[in-house]
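J.: Let me begin by handing over the structure; questions about it come next.
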Amino acid sequence: MDHLSFRLKLFICISVIFNSVTFSVFAAGSTPSRILVLHSYSPSYAWTRELQKGIEDVSHGTNVKLSIEYLDTKRIFNADYLASVRHYFEKKYRGYPFNGIIISDDNALKFFNSLDMDNLKNLPTAAVGINNFQAELSSKTQLGTIIYEKDRIAETIQLIAKLRPKLKNLYYLADHSPTSNLIELETKRILQHYPNIHLIEVRDLPLKDAATLLEKASPNDAVLLTHYNTEIENNVYHDYNQVAEQIGNSSRAPVFVFWKFYIHDGVLGGSVTDSYQLGSLAANLVIHQLNGMPIDNAQMASQGYRNVFDFNALLKHAIDKSLLPSNRVLIGEPQSFVREHLRLVLIVSSIFAVLVIIIFVLILSLRRKKIISQQNQKILQLQKKTVGVQKELIHLLGDAIETRSGETGNHVKRVAKMSALLASITGLSPNECEVIEVVSPMHDIGKIGIPESILEKPGKLDPDEWEIMKGHVDIGYKILSASEGEFLDYAAIIALEHHERWDGAGYPLGKSGENIHLYARITTIVDVFDALLSVRCYKPAWPIERVIDLLIVEKGKQFDPQLTQLVLDNIDDFVAIRQQYPDVATFHMPNNV
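Those letters in the sequence shown? Residues 1273 to 1865, per the working numbering, in order.
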């Protein structure tokens, strides 16, 4: 029992430990990475605004929470102000569990190094846009990366010389800020390699006067615009948009700059620092470190620079695009409809191509169907001609057989027409009516094998002669079934069964009722009906009344009762066929008949 209790306790302890570890893992996975973003300037400054956008675009969709602070040191930057901001930071963020830090520009880096907050130490840190090459992060973290902002002065002056081969004067516009002074020193050093270029410094003129000066500049000259924000004597601060608008729109010479946010309102551009790219770079540096991913500092540092130009400024100063670097970016370049809507064009083109293929296939299919239809028409016409010939041959053969047996040829035509009429009244299809009209005249073709002495005998046949006469149905069947074809198959059946009786007393097989083919039943009744009304070598023509009486008597005996009734109900129509095809031959009846 004690052993069991020990095992139970051990199991509970392991479960508690496992659940605690599992909860910690899941909790860690759901906790966002907290990153402090510290900017030197306010978001009203285009440089800072674009830099922050780069940070946010990279952070979007990741498990990162940003805490953003703007020092606004363009507006105010003194010891008292920095002390109050430091106090604010200590009150707001002391003990807050940051995971990483992003710093933009020198003032923010200097302020960060002045903070004494343990929760901001030894964290992955990226500082971008730093002009002070002596600045460092080592006092705060060993996980820091500084991307120094080195203005592309040499590259820009080289580009100016290329785009303005007749250049004499280079107007250097700058205020007296520390950054402007550093740029001035580097510019003068580089211009020592260009003795034909005369540097004209514009540093103390109000912005409006500087713009007026540049209105008179030669189009062959160039302007190098750096920081030109402050008019110390007038206590005026111009934002960068104002500077770009005044200088870019006024200058007759192209205006080159080091920062992308300047490029608008007529400013041409150059090899510029792109603050958006710097923001993206800083965010990637910190997030990569947080995720334990390797960092290539050299490759990342180059991502903050691009050759950017304003398309309208190129046109204004008649600069050929082919002279620009191959990796250039043109702002405001009008896109062709195809390029601007390339995806839509590709989709529409694909749909159009598919439709063309479908139409082409349909055209081929229609042409093929047309050819097949024409061929079918020819075949149909040939079939009709063949059927017509078959009908004519059948009628001629029927006439020949009836003539040989001493009967009138029109009997064959009347049997054909009456059979079709009765078939129609019965409810058969037009095609079936046509078939029976064609094949019914062949019912007595077997008489071709009966001796003429029997066929033409005026009196009653003796038993032996009658047996011979009855054989004509078998002879007819053998003749007609020897050939292939739908018509002849039906004709063979009629020839064999047209002497069968409804009551089973007929020949040759003694079939009865509906076991006798319908075509044979139809032919039987119209054959007898017409024969009784006609003169034969063995009898005179019966009057219609006598024929009607016979039909009534034999209804359900010799003949199909329903067919018989249909004939009786439509007797006038059948008599009309006899009148349409009257007998054309007369017989000399023996005196004893």
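For each residue, glycine too, the CB sits at the ideal point set by N, CA and C.
(1) Pull up the DSSP beta-bridge partners for histidine 1311, would you.
(2) Put phenylalanine 1528 into one of helix, strand or coil per three-state DSSP.
(3) With three or more beta-carbon pairs closer than 8 angstroms as the criterion, would you say the segment 1425-1437 touches the segment 1395-1410?
(4) Buried or exposed: which applies to glutamine 1518, given that a residue is buried once 16 or more other Cβ atoms fall within 10 Å of its Cβ?
(5) With which residues is glutamate 1473 paired in a DSSP beta bridge?
(6) CB-CB under 7 angstroms to serine 1312, same chain, minus the five flanking residues each way: which ones, in chain order?
(7) Kindly indicate which three-state DSSP category arginine 1424 falls into: helix, strand or coil?
(8) Does the Cβ-Cβ distance between aspartate 1802 and arginine 1850 come in under 8 angstroms?
(9) Rounded to whole angstroms, what's the CA-CA distance from serine 1296 to histidine 1359? Just pull it up for me.
(10) State yes or no: is the C-beta of alanine 1494 within less than 8 angstroms of the C-beta of arginine 1424?
(11) Are at least three pairs of beta-carbons, each pair with one atom in the segment 1314-1326 and one in the segment 1548-1556, less than 8 angstroms apart?
(12) Applying the criterion that 16 or more other CB atoms from any shown protein chain within 10 Å of the CB defines a buried residue, is valine 1580 buried or exposed?
(13) Going by DSSP, what residue range makes up the beta strand (DSSP E) through asparagine 1682?
(14) What is the rounded straight-line gap between the Cα of threonine 1303 and the Cα of arginine 1578?
(15) How big is the Cα-Cα spacing for threonine 1413 and phenylalanine 1370?
(16) Are the segment 1704-1713 and the segment 1726-1741 touching by the rule of at least three beta carbon pairs closer than 8 angstroms?
(17) Evaluate the contact criterion for the segment 1768-1775 versus the segment 1787-1794: three or more CB pairs, one atom per stretch, below 8 angstroms.
(18) Helix, strand or coil: how does DSSP classify tyrosine 1368 here?
(19) What is the DSSP secondary structure of threonine 1303, counted as helix, strand or coil?
(20) Opposite arginine 1358 in the DSSP bridges: which residues?
(21) Pairing CB atoms from the segment 1583-1592 with CB atoms from the segment 1387-1403, are three or more of them under 8 angstroms?
(22) Mapping DSSP to helix, strand and coil, what is glycine 1416?
(23) Per the DSSP calculation, tyrosine 1779 is bridged to which residue(s)?
(24) Going by DSSP in three states, phenylalanine 1759 sits in which element: helix, strand or coil?
(25) Expressed to the nearest angstrom, what Euclidean distance is found between the alpha-carbon atoms of alanine 1763 and serine 1691?
(26) Whole angstroms is fine: what's the gap from leucine 1596's alpha carbon to alanine 1483's?
(27) Can glycine 1520 and glycine 1541 be called in contact, C-beta distance under 8 angstroms?
(28) For isoleucine 1591, which residues of its own chain have a beta-carbon under 6 angstroms away from its beta-carbon, when the five flanking residues on both sides are left out?
(29) Near aspartate 1832, which residues of its chain fall below 6 angstroms by C-beta distance, leaving aside the five closest residues on each side in sequence?
(30) Since serine 1543 sits in a beta bridge, which residues does DSSP pair it with?
(31) Rounding to the nearest angstrom, what Cα-Cα distance links tyrosine 1509 and arginine 1347 in this structure?
(32) Start and end of the beta strand (DSSP E) containing threonine 1397?
(33) Evaluate valine 1825 with the Cβ neighbour count: other Cβ atoms within 10 Å of its Cβ, from every protein chain shown; 16 or more gives buried, anything less gives exposed.
(34) Please report the residue range of the alpha helix (DSSP H) in which isoleucine 1816 lies.
(35) Go through its chain and collect everything with a Cβ distance to alanine 1318's Cβ below 6 angstroms, but skip five positions before and after it.
(36) Please classify serine 1249 as buried or exposed, where buried requires at least 16 other C-beta atoms within 10 Å of its C-beta.
T.: Quick look at the numbers:
(1) Mapped onto the sequence shown, residue 1311 falls at position 39. According to DSSP, which records beta bridges pairwise, histidine 1311 is partnered with Tyr1342, Ser1376.
(2) Taking the sequence shown and counting its residues from 1, the one referred to as residue 1528 is at position 256. The answer is strand: DSSP assigns phenylalanine 1528 an E or B state.
(3) no
(4) Counted from its first residue, the sequence shown places residue 1518 at position 246. Label assigned to glutamine 1518: buried.
(5) The count along the sequence shown starts at 1 and reaches residue 1473 at position 201. Paired residues: Tyr1444.
(6) The residue given as residue 1312 occupies position 40 in the sequence shown. So the list reads Leu1343, Thr1345, Ser1376, Asp1377, Asp1378, Asn1379, Ala1380, once near-sequence residues are dropped.
(7) Numbered from its first residue, the sequence shown carries residue 1424 at position 152. Here arginine 1424 sits in coil by DSSP.
(8) Position 530 of the sequence shown, counted from the first residue, corresponds to residue 1802. Position 578 of the sequence shown, counted from the first residue, corresponds to residue 1850. Yes, the Cβ-Cβ distance between aspartate 1802 and arginine 1850 is below 8 angstroms.
(9) Residue mapping note: residue 1296 aligns to position 24 of the sequence shown, counting from 1. Residue mapping note: residue 1359 aligns to position 87 of the sequence shown, counting from 1. Note that serine 1296 scores 42 on pLDDT, short of 50, meaning its location in the model is unreliable and no value can be drawn from it.
(10) Here residue 1494 is taken as the residue at index 222 of the sequence shown, counted from 1. Here residue 1424 is taken as the residue at index 152 of the sequence shown, counted from 1. Contact: no.
(11) yes
(12) Taking the first residue of the sequence shown as 1, we reach residue 1580 at position 308. So valine 1580 counts as buried.
(13) Along the sequence shown, read from residue 1 onward, the residue named residue 1682 stands at position 410. Not the beta strand (DSSP E): asparagine 1682 falls in the alpha helix (DSSP H), residues 1682-1698.
(14) Taking the sequence shown and counting its residues from 1, the one referred to as residue 1303 is at position 31. Taking the sequence shown and counting its residues from 1, the one referred to as residue 1578 is at position 306. So the alpha carbons of these two residues sit roughly 37 angstroms apart.
(15) As a working note, residue 1413 is residue 141 in the sequence shown. As a working note, residue 1370 is residue 98 in the sequence shown. One C-alpha to the other measures close to 13 angstroms.
(16) no
(17) yes
(18) Reading the sequence shown from its first residue, position 96 is the one you call residue 1368. Three-state result, tyrosine 1368: coil.
(19) Here residue 1303 corresponds to residue number 31 of the sequence shown, with the count starting at 1. Reduced to three states, the DSSP call for threonine 1303 is coil.
(20) The residue you call residue 1358 lines up with position 86 of the sequence shown. Partner(s): none; arginine 1358 has no beta bridge.
(21) no
(22) For the purposes of this step, residue 1416 is taken as residue 144 along the sequence shown, with counting starting at 1. The answer is strand: DSSP assigns glycine 1416 an E or B state.
(23) Here residue 1779 is taken as the residue at index 507 of the sequence shown, counted from 1. In DSSP, tyrosine 1779 forms no bridge with anything.
(24) As a working mapping, residue 1759 is identified with position 487 in the sequence shown. Phenylalanine 1759: helix per DSSP, three-state reduction.
(25) By 1-based counting over the sequence shown, the position of residue 1763 is 491. By 1-based counting over the sequence shown, the position of residue 1691 is 419. About 13 angstroms.
(26) Start at 1 with the first residue of the sequence shown, and residue 1596 comes out as number 324. Start at 1 with the first residue of the sequence shown, and residue 1483 comes out as number 211. So the two alpha carbons sit approximately 26 angstroms from each other.
(27) Here residue 1520 corresponds to residue number 248 of the sequence shown, with the count starting at 1. Here residue 1541 corresponds to residue number 269 of the sequence shown, with the count starting at 1. No.
(28) Working through the sequence shown from its first residue, we reach residue 1591 at position 319. Excluding residues within five positions, the ones whose Cβ falls inside 6 angstroms are Leu1435.
(29) Position 560 of the sequence shown, counting from 1, holds the residue named residue 1832. Same-chain partners within the cutoff: Trp1774, Arg1793.
(30) As a working mapping, residue 1543 is identified with position 271 in the sequence shown. Answer is Asn1579.
(31) By 1-based counting over the sequence shown, the position of residue 1509 is 237. By 1-based counting over the sequence shown, the position of residue 1347 is 75. Computed Cα separation, rounded: 9 angstroms.
(32) Residue numbering aside, residue 1397 sits at position 125 when the sequence shown is read from its first letter. Note, threonine 1397: beta strand (DSSP E), 1397-1402.
(33) In the sequence shown, the residue the question calls residue 1825 occupies position 553. Valine 1825 comes out exposed.
(34) By one-based count along the sequence shown, residue 1816 stands at place 544. Taken as a continuous stretch (DSSP letters only), the alpha helix (DSSP H) holding isoleucine 1816 covers 1816-1826.
(35) In the sequence shown, counting from the first residue as 1, residue 1318 sits at position 46. Here the set comprises Tyr1512, Phe1533.
(36) Lying outside 1273 to 1865, the shown extent of the chain, residue 1249 is not represented and no answer is given.
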